[in-house]
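First to last, the protein sequences are chains P and Y. Position in the first sequence counted from 1, then plus 10, gives you my numbering. Position in the second sequence counted from 1, then plus 2, gives you my numbering. No residue lacks a Cβ here, since even glycine has one placed at the ideal position from N, Cα and C. Read through the structure below, which is laid out as structure tokens, and then see the notes.
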Amino acid sequence: MSILTAKETAKNETDLVEIISGSASIVIEGGGTRRIGVTEGEPLSTRGLSGVTLYEPGTLTLVAQAGTPLSEIDVLLAAENQRLAFEVPDFRGLLGRAGESTLGGVVATNASGPRRVAVGACRDFCLGVRFVDGRGAVVKNGGRVMKNVTGLDLVKLMAGSHGTLGVMTEVSLKVQPLPETTVTLAVPGCDAGEAIAILSQMLGQPYDLTGAAWQNGEVLLRLEGFETSLRYRVERLRALLQHDVVEHWGLEACDPIWRGIRDVTAFHGRSGDVWSVSIKPSEAVRVLEAVQPEDVMFDWGGNRLWLLTKTGTDVREKMPSGHATLMRASEETKRRLGVFPPQSPALERISAGLRQRFDPEGKFNRGMR
Amino acid sequence: MDMPAPKPEILSRKSELAARLRAVLAKHALIEAPEELKAYECDALTAYRCPPLLAVLPETTEEVSKVMAICHEMGVPVVPRGAGTSLAGGALPSEDAVILGVARLRDVVEINTSDRYIRVQTGMTNLAVTAAVEDEGFFYAPDPSSQLACAIAGNIAMNSGGAHCLKYGVTTNNLLGVTMVMADGEVIEIGGAEMDAGGLDILGLICGSEGQLGVVTEATLRILPKPEGARPVLFGFDSNEVAGACVADIIRSGLIPVAIEFMDRPIIRATEEFAGAGYPDCEALLIVEVEGSDQEIDDQLARIVEIAKRHNPVAIRESQSAEESTRIWLGRKSAFGAMGQRGDYICLDGTIPVGELPAVLKRIAELGAEHGHMVGNVFHAGDGNMHPLILYNANEPGQLESAERLGAEILKLCVDAGGCLTGEHGVGVEKRELMTHQFAPADLEAQMAVKDVFDPKWILNPAKVFPLDVSAHRRGAA
């Protein structure tokens with residue numbers, strides 16, 4: 011169950027414009043499965059804006075309304091041997107939610123899983139967007155082609171904006187063919203420093219790792235592609251590794267491992283706050299030494315650290331560089347520390363200026379800024 | 003193509019402006035002699051020329067900041083310029099504008115191969131970035147065909163792609179952070195060496211903004227390990243439809259070629275005469291390149307050949323060596339030169355959904371015949387980024403205008419087919435007036451509202467991207 015009960019459900023853009031003009035403060039809600047900010051305002055559900063409007067497997071393009079359930083898209087793509095390349099995390103277990111994730115929520119939070127290290131984030135696969143802004147204007151930007159520099163790129167701006175600029179109604183995405191097979195190399199017995207050294211060395215090799223993580227003292231490296239090619243790459247990586255290595259071949263063996271990383275399964279049901287830290291891999295060990303978390307996991311080759319910390323720990327004040335998002339904590343802690351990383355005064359001014367233009371009355375997702 | 007009339011109140015203050023700029027710049031960084039200003043009168047869209055009021059070539063971010071502060075205070079338009087290779091007139095000055103060139107900002111600031119990034123000043127050329135990390139086994143992925151000359155500043159402004167972006171993405175997918183000078187001279191940092199910055203994706207907004215939002219002086223770029231090797235295969239087909247269907251099948255197969263290039267008959271003929279690459283005489287030609295070890299390349303090429311054979315190609319040439327690879331690429335790489343040999347040309351870069359390819363090519367041929375211009379098509383087929391080359395004779399009155407009319411028809415066709423006006427060159431002045439064909443008034447208003455936030459006085463590249471009548475009110479407010 012979502013923690014909010016949707017009061018208004020928009021069925022189309024016209025509806026949406028009407029609801030927005032009649033509301034003072036709105037919390038935009040798809041499935042409510044990945045909202046991390048504090049909730050301030052009346053819920054507005056986008057679930058009525060549902061359905062895939064276009065899917066062309068031959069051009070790797072999918073266009074769907076923002077309220078379309080992610081599961082519907084996954085099933086549709088799987089039938090054509092395709093998938094969303096950016097490996098959408100399922101945060102229901104981590105955040106203790108039970109709703110049905112929607113495409114709009116995925117894009118609004120730029121939800122990106124382990125494959126990001128190779129292919130990029132959700133925002134890198136967003137080709138186009140339609141949204142209704144706070145003044146009721148219906149805006150489209152981008153399109154459904156892979157390359158597009160026609161005008162300013164508001165698609166990127168909307169992706170990851172946590173619903174603070176407008177209500178997305180439709181998104182176009184680039185999708186990806188499924189690989190023939192996959193393999194995961196597990197290197198046990200590595201501390202954080204060794205892990206970073208291995209991850210950086212391996213990501214510096216031309217073997218297109220599509221996963222590079224570390225948890226429970228185990229470095230995890232994933233390859234995807236044709237089996238003949240993977241056999242060769244595994245041999246090369248093993249020659250470089252000089253450690254004991256366990257190979258897990260095939261989707262059935264690899265899927266649970268990478269779901270665990272993607273969804274941060276190791277932290278589910280455990281008490282404490284959860285932080286997502288964005289950092290240069292070479293700074294990761296310093297962060298751990300300074301923060302002393304209860305538990306830790308590296309993803310994206312050490313570019314992202316998942317930290318489980320004692321309740322109320324301010325991770326940001328201990329960080330040498332990079333930034334941190336408070337993914338899970340009590341409302342009190344969220345309000346005290348802030349969910350999103352603070353910006354420089356200049357960027358804060360620009361962000362406020364953008365919100366002012368798109369949402370002059372400050373109606374949208376006040377708790378997500 | 004129209005440009006707004008220069009503002010007399012700016013022209014009349016030229017010497018005051020020059021004196022103020024001279025005071026904050028190093029010696030020789032201010033260019034004011036008419037014969038020297040001529041070098042800045044156009045970019046690679048050479049059909050349009052206009053010497054700027056002044057040009058400056060700062061050597062530091064601080065100098066860029068001072069220049070911007072002065073121009074902002076005096077309300078003088080600033081046209082940022084990288085290496086001047088824009089095909090869309092992105093760096094075309096106006097009579098009352100200062101050209102701000104970043105050509106002297108060419109240092110490598112930091113190389114970090116363990117975290118896989120490089121920090122450079124943006125006057126560095128695209129190829130020089132790769133050269134800086136090559137010895138360590140890395141490269142910078144976006145590879146616009148002007149990469150020998152074009153600057154990273156321009157790559158960011160136009161979100162440049164290249165032949166290999168099918169696998170590696172375009173500039174926005176490889177840009178981690180920038181130092182940017184705002185319209186009023188304030189220096190800001192956006193992003194950094196991390197994979198993403200917190201907050202709104204301002205970096206995503208900056209990339210491809212055509213100098214509308216600020217002047218980027220430093221950039222942190224993602225670098226990648228150099229592949230073990232790469233080799234192409236070439237296929238000839240007797241129709242564009244069949245070649246198009248073959249492209250779709252390759253894309254669906256799960257193979258990830260680094261490039262799929264398409265050439266049509268007019269281009270094949272022109273390049274054969276010009277470069278003699280030994281291409282088959284056919285309707286459509288595909289070059290597909292894959293990367294990996296020798297064995298992996300053999301394996302991938304075998305799979306691609308198998309897919310292509312289902313479409314009855316009239317020719318297959320699989321490269322087994324570096325020399326053969328060079329020959330296969332020779333014609334494609336000399337395509338623009340070959341067309342240039344036949345006359346002047348306009349190069350467009352409208353992008354279409356790949357499935358629309360045969361229909362769009364057919365219609366382009368019809369439009370070409372109607373307008374009396376030969377049109378050749380080379381393009382990045384994997385992502386639908388077309389490059390129709392329209393031939394015309396610049397010495398014959400009316401020919402440029404007629405070629406431009408045809409170009410506009412072709413770009414509208416791309417939009418109507420579900421695509422866009424420009425895939426990698428940018429709007430500049432060239433496609434400015436066509437923006438209303440792709441965008442509704444509310445769409446353009448939203449984009450201009452973003453510019454308002456960054457550049458309230460509209461002094462940065464003000465007569466670009468947005469149709470003149472649509473932006474008139476804002477530009478007048480300067």
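The three-state secondary structure of serine 473/Y, taken from DSSP, is helix. What isoleucine 289/P touches in chain Y, judged by beta-carbon distance under 8 Å, is Glu196, going in chain order. The CB of lysine 459/Y never comes closer than 7 Å to any CB in chain P; the least such distance is about 14 Å. Residues of the stretch 422 to 451 of chain Y with a C-beta less than 8 Å from any C-beta of chain P: Cys422, Leu423, Thr424, Gly425, Glu426, His427, Gly428, Val429, Lys433, Met437, Gln440, Phe441, Ala442, Ala444, Asp445, Leu446, Glu447, Ala448, Gln449 and Ala451, listed in chain order. Under the DSSP assignment, valine 235/Y falls in the beta strand (DSSP E) whose first and last residues are 232 to 239.
Residue pairing by DSSP places serine 31/P in no beta bridge whatsoever.
In this structure, the alpha-carbon of alanine 153/Y lies about 10 Å from that of valine 131/Y. Of Asn114/Y, Val189/Y and Leu303/Y, the smallest CA-CA separation from valine 69/Y is found for Val189/Y.
Approximately 6 Å separates the beta-carbon atoms of methionine 376/Y and proline 268/Y; this is inside 8 Å, confirming the contact.
Listed as beta-bridge partners of glycine 378/Y by DSSP are Leu391/Y. Counting only residues of its own chain and dropping the five nearest sequence neighbours on each side, methionine 126/Y has a CB closer than 6 Å to the CB of Arg108 and Ile154. Closer than 9 Å to the CB of arginine 338/P there is not a single CB belonging to chain Y. In chain order, Asp266, Glu285, Ala286, Leu359, Pro360, Leu363 and Lys364 place their CB closer than 8 Å to the CB of asparagine 242/Y, counting only its own chain and leaving out the 5 sequence neighbours on each side.
Tyrosine 242/P belongs to the set of residues whose beta carbon lies under 9 Å from a beta carbon in chain Y.
At least one C-beta of chain Y is nearer than 9 Å to the C-beta of isoleucine 360/P. For the pair proline 189/P and leucine 70/P, the CB atoms are not nearer than the 9 Å cut-off.
Looking at the DSSP output, arginine 232/P bridges to Thr194/P and Gly221/P. Proline 54/Y is not a Cβ neighbour of valine 217/Y, given a cutoff of 9 Å. Within chain Y, the C-beta atoms nearer than 9 Å to that of glutamate 190/P come from Gly256, in chain order. Just so you know, the alpha carbons of methionine 329/P and arginine 118/Y end up roughly 21 Å apart.
By the rule that beta-carbons nearer than 9 Å mark a contact, glutamine 75/P does not touch chain Y. Taking a C-beta distance under 9 Å as the contact criterion, leucine 87/P and valine 284/P do not qualify as a contact pair. Secondary structure at tyrosine 50/Y: coil, using DSSP grouped into helix, strand and coil.
Per DSSP, reduced to three states, the secondary structure at isoleucine 354/Y is coil, with no helix or strand assignment. For isoleucine 271/P, the uninterrupted alpha helix (DSSP H) run begins and ends at 261 to 273, by DSSP. For the options Asp301/Y, Ala419/Y and Val100/Y, the alpha carbon positioned closest to that of valine 78/Y is the one of Val100/Y.
Contacts with chain P (Cβ-Cβ distance below 7 Å) from the stretch 221 to 235 of chain Y involve Pro227, Lys228, Pro229 and Glu230, listed in chain order. In this structure, arginine 102/P places its C-beta atom within 9 Å of the C-beta atom of serine 111/P. Among the CB atoms of chain P, none fall inside 9 Å of the CB of asparagine 379/Y.
Per DSSP, reduced to three states, the secondary structure at asparagine 313/P is coil, with no helix or strand assignment.
The shortest C-alpha to C-alpha distance from alanine 25/Y to any of Asp45/Y, Ile72/Y and Ile392/Y is the one to Ile72/Y. Per DSSP, the unbroken alpha helix (DSSP H) holding glycine 339/Y starts and ends at 337 to 344.
By the Cβ rule, the stretch 153 to 164 of chain P counts as touching the stretch 418 to 426 of chain Y, because three or more pairs are nearer than 8 Å. Here the alpha carbons of aspartate 163/P and leucine 94/Y stand approximately 22 Å from one another.
Here the alpha carbons of arginine 271/Y and glycine 278/Y stand approximately 10 Å from one another.
From the listed residues Glu52/P, Pro67/P and Val73/P, the smallest Cα separation to glycine 61/P is found for Val73/P.
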